[in-house]
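Input: a single structure, listed below in structure tokens.
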Amino acid sequence: SYNAGGTYVEGELPLLLKYKIGKNISVFGGANTIFSKLLAVNEETKTYNGTGHPVTITPVGAPSSLPTATGIPSTIAPISSYKGPLYPSNKGDLLRLGYMLGFSYEYKKRWLFDVLVQQAMVKPNYEGGTNTNAPLAVPYFRFTVGYKLTK
344 SYNAGGTYVE
354 GELPLLLKYK
364 IGKNISVFGG
374 ANTIFSKLLA
384 VNEETKTYNG
394 TGHPVTITPV
404 GAPSSLPTAT
414 GIPSTIAPIS
424 SYKGPLYPSN
434 KGDLLRLGYM
444 LGFSYEYKKR
454 WLFDVLVQQA
464 MVKPNYEGGT
474 NTNAPLAVPY
484 FRFTVGYKLT
494 K
């Protein structure tokens, strides 16, 4: 079986300009650079021993073959026909550029309310008919509430 996921970490470097349009309200926007790792499709392989208990293996090199007389009837292809993962392992980094737009409201010199939308462009990466980079290209919305400790 195959799955996409695991740990994902990214770093952002925004460059924003802020313009005050009223006493307590301002708008901001600019460019955003995002650095992250490529997403990949991972393979999970299970082999059953003679007792029927699953033994999880991770293919590293050439697969070993199972005994032919296990006594377990199966319609699954034998492990000797395994030719490696269907999807290549994508290891590497990804640099994306995008935009950020939002507005900020200051309430009674202490409370801050921000609304932001950002989106980064990314080249599609199709593996098995699925674009694994699609989640990285969707718009991201953020609502922030802040409180100033000093005036």
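Numbers 344 to 494, taken from my numbering, label the letters of the sequence shown in order.
The beta-carbon is built from N, C-alpha and C at its ideal position, and this holds for glycine as well.
L479 carries a helical assignment under DSSP once its states are collapsed to helix, strand and coil. Sorting Y351, S424, G441, K366 by C-alpha distance to the C-alpha of L358 places G441 at the top. For L444 and V370, the gap between their C-alpha atoms comes out near 8 Å.
As DSSP reads the structure, L437 sits in a beta bridge with S379.
Under DSSP, P467 takes part in no beta bridge, so it has no partner. Bounds of the beta strand (DSSP E) holding K361 are 353-363.
Within the DSSP bridge table, the entry for T487 names D457 as partners. In this model, I377 and V460 are separated by some 15 Å (Cα to Cα).
Under DSSP, G373 shares a beta bridge with L359, M443.
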